[in-house]
Structure formats: structure tokens, C-alpha cells
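Down below is the structure, laid out as C-alpha cells.
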Amino acid sequence: MKLSDWITGLNAGGSDGWGVFYKAREMKAAGEAVLELTIGEHDIRTSDAILEAMYRSALGGHTGYAMVPGVNSLRDVVAERIAERTGVPTTRNNIMITPGGQSALFSTHCAVCDTGDTALFIAPYYATYPGTLRAAGAVPVCVDARAEDAFQPRAGEIAAVAPGAKSLLINSPNNPTGVVYSRATLEGIASVCMDNDLWLISDEVYDTQVWKGEHISPRALPGMAERTLVVGSMSKSHAMTGSRVGWIAGPEEVIARLIDLATTTTYGVPGFIQDAAEFALLQGPDLEEEVAAPFRRRRDIARAILAKQNTVGLIPADGAMYLMLDIRATGKSGEEFAEGLLAEERIATMPGESFGTAAAGHLRVAMTIDDDAFADALTRLVSYAERITP
Ligand code: PLP
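For the sequence shown, our numbering gives the first residue as 1, with consecutive numbering after it.
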């Protein structure tokens, strides 16, 4: 039986760059000691206190259908958190709770793009972006940020492809680069959106992981609240990746339509998960800092190791749980380097090419193993790079 072109086309186009990841998993399964610096999953688990809140809620009976837009108390807590941190007036009517940021990325594009509309996004990009935009019926068009600009996208280059497009998706702090967009970058992006009547979809799932400067939500820039949809998540901020809970913040009329979409797709998020998320958010910034701290620490470890050599470059790593390393001096592609590093040193990283050609000749390193193992992995990565450099 033939499947739809739509579903078979979701992941069309190019190497997905996950070869090294799968090979590393096979090597581990065969009993080899492999250091995995591949995926964005904390090396800690969801805290006992959050799990106990989940358990109390489930035992208390919150196991039936929950409110489709999210339970009111969680929507209120999310709205207050956003209003406090951005200064943008936000109420529960501006918030819909979603099964994670991924679902929010899909739903927001469904809300603003009709089939065949152009949806812009920036490369290097989080691996699901092109498929998500296609899933929403849009035609993904990528704008490359450049290594020489430390991967801050140029407004002029977005403006060049903006006429006729419907939306622009950005992500700061950024996966895979670890770059935090500057105010100037975001103001440039905001102008392009206003000049070209674009919706801005702002993926802020790493908003609590900023090592330098501040996280600026573009929804807070003048004139942007009515055209910005913010994607948020508990996954990275509270080590709750498996709980699948996040949100969309945006104009009331968009949220009302998104609730129609949720009613016909997810039918909401389990009540006991939402209660656990509310409990976690009410612990305040201390818990968020505690979850973020290991990545900041490992970023510093990496900087100290990389400062002693000239072969491997580091894109300024100001946020998120990743480092983007420039290995072009070795003469290898990211893919060749990552394959070689896995074969010779048993260290798995993601080739930059997995995140678009903008990151060719780079490697993404997830800082998701304990400090000593991380320091060891980076030291060996550097010696491997030095060894293979002509
Ligand atoms: N956006 C970015 C940039 C990510 O890196 C991820 C996950 O790694 C997500 C969204 C999706 O996160 P979740 O669906 O777990 O909230």
C-alpha cells in the first residue's frame, strides 16, 4: 500500500548526519567504552522532588483528561514567569501548554503557514527543524549564519529571502552552536519581520542556560508581541526531557486557534505531568541554575583546555549545553573528523554537517558527561586533531 507523499517526504533531503551517533550506540552495545558527546540529554535525571509532585498528583486523581489548553494554574505560572522575565504583559490566555517544545514548534508553524508557504529558518539548526516545517505543510527555506560572524545571523541576508515568506524561526540560546543572539542581532531580525510582515517563531527552550550577557526574548522588542510566538519547554531548564511538557506564548487569538489544533491532535498534556511542571517552576530560578550549572562549568573546562592550543577553534559558547568546535585547520570535514575520532579515540560527537552546510568543518560537542570524563574527552579530541593536521 502506498503511503502519502507528505509522510514519506518529511525527512527528505540530505544526510541526516546521525551515522556517528548510531555507530557509537552499536559500539557501546558491543561492550566498548565510548564517550558520548552527542545528544542534548542531561547526565542528571528529573529530581526526586519533581517526581514526587508528579506521583502525588497522580495518586490524588489527576489522571483523567486534563484541560486541553493546559491546567489554569500552570498557564498562570508560565504567564507570570514570562511577564516577570520579559516585562511583556502575559496572562493565561497568551499561553497554551504543549507536549514539549517539539510539538510547540509544529503547532506554531501550522498556525501561521498554509500549505506551500515559505517558512524561513536559520542554519546551523536543530536537527528536527526542516522536517517540522514540512510536517506543517510549509516549504522550509534556510538562511545560513556564518562561522566568521560567530553564527549570529545577518539581518540583511534574512531580508533578502523574506519577501513573500510567512514566518521566521530562530533559536537563542542556540542548538547546535551555543551562541546567544545579541540585542543587535535580535533587533535586526525584528525589523526584518516587521518590514516583511513575517511571524517570528522564537524557540527559547534553552533560556535558562546563558553564560554571558542575558537572554533576550524578541517578543519583548517594540512592536513584536503581536507577531511573535515563543516556544518554551521544561525539558532543558528542569531536566524533564521525558515528561514532554512545554508551552507556546503568543497573542490571545493565536492561542485560541492553537487550542483547536490541540483538540484535534494531542488533546492536551497529562494532568499529573502539568502539576509536576507547575511544582518545578514554583521552585524558582535556584533549581534552574542548579540544572544549568554543570554546562557552565564544563564550558569553562573546555575553554581552559582549548586555550592551550591552536588547532581546534571554539565558537564563543555563551549558552545551551553544546560547544561548536571549528576543526577546519585539520583539513577534514566534520563528518570525517567525527568518524575518525570515534574509530581512534572512542569519542562520539556530532558532525557540524548534521545541522546544515553552514556548520561544515565543525563539530558539535554536547557537554553531557561528568566533568572529569568531559575534560579527558576534550583533551583527547585536541590531541587527535593535532595528530591528523598536516
Ligand atoms: N528546540 C531545540 C533547539 C532543541 O534543542 C530541542 C531539543 O533538543 C527542542 C526544541 C525540543 O525539546 P522538547 O520537545 O524536549 O521540549
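Glycine residues also receive a C-beta, built at the ideal position from the N, C-alpha and C atoms.
Q: With DSSP as the reference, label R364 as helix, strand or coil.
A: In the sequence shown, counting from the first residue as 1, residue 364 sits at position 364. In the structure shown, R364 sits in a strand (DSSP, three-state: E or B).
Q: Can you tell me which of A385, N72, R298 puts its alpha carbon nearest to the alpha carbon of G331?
A: Counting from one through the sequence shown, the residue named residue 331 turns up at place 331. Ranking the options by Cα distance to G331, first place goes to A385.
Q.
Given this structure, state the Cα-to-Cα distance separating P69 from A249, to the nearest angstrom.
A. Position 69 of the sequence shown holds residue 69. Position 249 of the sequence shown holds residue 249. Using only the alpha carbons, I get a separation of about 12 Å.
Q. Among T389, P390, N175, E36, which one has its Cα closest to the Cα of A359?
A. Counting from one through the sequence shown, the residue named residue 359 turns up at place 359. Nearest of T389, P390, N175, E36 to A359, Cα basis: N175.
Q. Which parts of the region 123 to 209 are runs of the alpha helix (DSSP H), unbroken and 4 residues or longer, counting only runs that do not cross its ends?
A. 129 to 135, 155 to 161, 183 to 196
Q. Cβ of Q209 within 7 Å of any heavy atom in the ligand PLP?
A. As a first step, residue 209 is located in the sequence shown; it is residue number 209 there, counting from the start. For the ligand PLP, not one heavy atom lies less than 7 Å from the Cβ of Q209.
(Q) Just checking T266 against the ligand PLP - is the residue's beta carbon closer than 7 Å to any of the ligand's heavy atoms? (A) As a first step, residue 266 must be located in the sequence shown, where it is residue number 266. False, no ligand heavy atom lies under 7 Å from that Cβ.
Q. According to the neighbour-count rule (16 or more other Cβ atoms, all chains shown, within 10 Å of its Cβ), is G31 buried or exposed?
A. Start at 1 with the first residue of the sequence shown, and residue 31 comes out as number 31. Exposed: under 16 other Cβ atoms inside 10 Å.
Q: Please report how far the alpha carbon of V291 lies from the alpha carbon of V78, in whole angstroms.
A: Your numbering for residue 291 matches position 291 in the sequence shown. Your numbering for residue 78 matches position 78 in the sequence shown. Going from the Cα of V291 to the Cα of V78 covers about 18 Å.
Q) For V397, which residues from the same chain have a beta carbon less than 6 Å from its beta carbon, with the 5 sequence-adjacent residues on both sides left out? A) Only positions 1 to 390 of the chain appear in this structure, which leaves residue 397 out of reach.
Q. Are the Cβ atoms of H238 and A280 separated by less than 8 Å?
A. As a first step, residue 238 is located in the sequence shown; it is residue number 238 there, counting from the start. As a first step, residue 280 is located in the sequence shown; it is residue number 280 there, counting from the start. Yes. Within cutoff.
Q) Is the closest heavy atom of the ligand PLP to the C-beta of Q274 under 7 Å? A) As a first step, residue 274 is located in the sequence shown; it is residue number 274 there, counting from the start. No, since every heavy atom of the ligand PLP falls outside the 7 Å radius drawn around the Cβ of Q274.
Q. Distance, Cα to Cα, S103 vs R328?
A. Here residue 103 refers to the residue found at position 103 of the sequence shown. Here residue 328 refers to the residue found at position 328 of the sequence shown. If you take the alpha carbons of S103 and R328, they lie about 35 Å apart.
Q | Spatial distance of L325 from G268 (CA atoms) | A | Taking the sequence shown and counting its residues from 1, the one referred to as residue 325 is at position 325. Taking the sequence shown and counting its residues from 1, the one referred to as residue 268 is at position 268. Approximately 39 Å between the Cα atoms of the pair.
Q: Write down every uninterrupted run of the alpha helix (DSSP H) in the region 60 to 99 whose length is 4 residues or greater and which is fully enclosed by it, in chain order.
A: 72 to 86
**Q.** T241 Cβ short of 7 Å to the ligand PLP heavy atom set
**A.** The residue labelled residue 241 in the question sits at position 241 within the sequence shown. Result yes, Cβ under 7 Å from the ligand PLP.
(Q) When you compare the region 257 to 275 with the region 19 to 37, are there three or more beta-carbon pairs, one atom per stretch, that lie closer than 8 Å? (A) no
Q: Kindly list the residues whose CB is nearer than 7 Å to the CB of V112, restricted to its own chain and excluding five residues on each side of it in sequence; keep chain order.
A: Here residue 112 refers to the residue found at position 112 when the sequence shown is read from its first residue. Excluding sequence neighbours, V112 sits near K166, S167, W199.
Q: Put Y22 into one of helix, strand or coil per three-state DSSP.
A: For the purposes of this step, residue 22 is taken as residue 22 along the sequence shown, with counting starting at 1. It is helical.
Q | heavy atom of the ligand SAH below 7 Å from G40 C-beta | A | Questions concerning the ligand SAH fall outside what the structure shown contains, since the ligands it does hold are the ligand PLP.
Q) At what residues does the alpha helix (DSSP H) containing V291 begin and finish? A) The residue given as residue 291 occupies position 291 in the sequence shown. Looking at the DSSP string, the run of the alpha helix (DSSP H) that includes V291 is 285 to 306.
Q. Cβ of D203 versus every heavy atom of the ligand PLP: is any distance shorter than 7 Å?
A. For the purposes of this step, residue 203 is taken as residue 203 along the sequence shown, with counting starting at 1. Because some heavy atom of the ligand PLP lies under 7 Å away, the Cβ of D203 counts as near it: yes.
Q.
Quick check on this structure: which residue in A377, L3, D197, T38 has the alpha carbon closest to the alpha carbon of F355?
A. On the sequence shown, residue 355 is found 355 positions in, with the first residue counted as 1. Among A377, L3, D197, T38, the Cα nearest to that of F355 belongs to T38.
**Q.** G232, enclosing beta strand (DSSP E) - first and last residue
**A.** The residue labelled residue 232 in the question sits at position 232 within the sequence shown. Counting along the chain, the beta strand (DSSP E) containing G232 begins and ends at 228 to 233.
Q.
Give me, in chain order, the residues of the same chain whose beta-carbon lies closer than 8 Å to that of N310; leave out the 5 immediate sequence neighbours on both sides.
A. As a first step, residue 310 must be located in the sequence shown, where it is residue number 310. Only A329 meet the Cβ criterion.
Q) Does M54 have its Cβ less than 8 Å from a Cβ in chain D? A) No chain D is part of this structure, which consists of one protein chain only.
Q: Consider the C-beta atom of S237 and the heavy atoms of the ligand PLP; say whether any pair is separated by less than 7 Å.
A: Counting from one through the sequence shown, the residue named residue 237 turns up at place 237. No.
Q. What are the start and end residues of the alpha helix (DSSP H) that includes G271?
A. Locating residue 271 in the sequence shown gives position 271, counting from the first residue. First-last of the alpha helix (DSSP H) with G271: 271 to 282.
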